[in-house]
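Asks: For any residue, its number in the numbering used here is found by taking its place in the sequence shown, counting from 1, and adding 77.
Take this structure first; my questions come after.
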Amino acid sequence: MFILVAIDYFTKWIEAVTLASITAKAVARFLRRDVIARYGVPATIITDNAKNLNNKVIDELCAQFKIRHRNSTPYCPQMNGAVEAANKNIKKIIEKMTLNYKD
């Protein structure tokens with residue numbers, strides 16, 4: 078089980094979805110359904126350098142909606158500080174939920 082996280086750098090709003098696997102198609106579906114359809118087209122998306130975030134499917138989606146796609150510096154998670162902080166908070170929430178609701 079994986080959690081795909083997107084964050085608006087200006088408002089700090091978090092969108093997250095659980096996925097069985099994070100494929101290029103799943104990422105594109107998440108961007109279309111949970112980001113673009115709900116909030117409009119972002120001017121830019123910033124991702125790490127993972128293959129499931131940097132491929133033909135994502136390139137085509139960005140071209141279709143005229144989204145600028147940038148990559149963070151490799152091996153430097155501080156460049157995605159807001160997302161890393163969101164991931165940390167999501168992890169804490171999940172840990173508390175699993176401890177409190179084991180049934």
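Positions of the beta carbon are idealized from the N, C-alpha and C atoms, including for glycine.
All figures in this text were calculated on a predicted structure; none of them were measured in a lab.
I'd like the span of the alpha helix (DSSP H) that includes L96, first residue to last.
Replies: Note, L96: premise wrong, no alpha helix (DSSP H); beta strand (DSSP E) at 91-96.
Asks: Quick one, are the C-beta atoms of V112 and V160 less than 7 Å apart?
Replies: No; because the gap between Cβ atoms is not below 7 Å, this pair is not in contact.
Asks: List the endpoints of the continuous alpha helix (DSSP H) containing D142.
Replies: Note that residue 142 is Phe in the sequence shown here, rather than Asp. From DSSP, the alpha helix (DSSP H) with F142 extends over 133-142.
Asks: Taking just the CA atoms, how far does M174 sit from G117?
Replies: About 32 Å.
Asks: If you draw a straight line from the C-alpha of A127 to the C-alpha of H146, how long is it?
Replies: When rounded, the distance between both Cα atoms is 13 Å.
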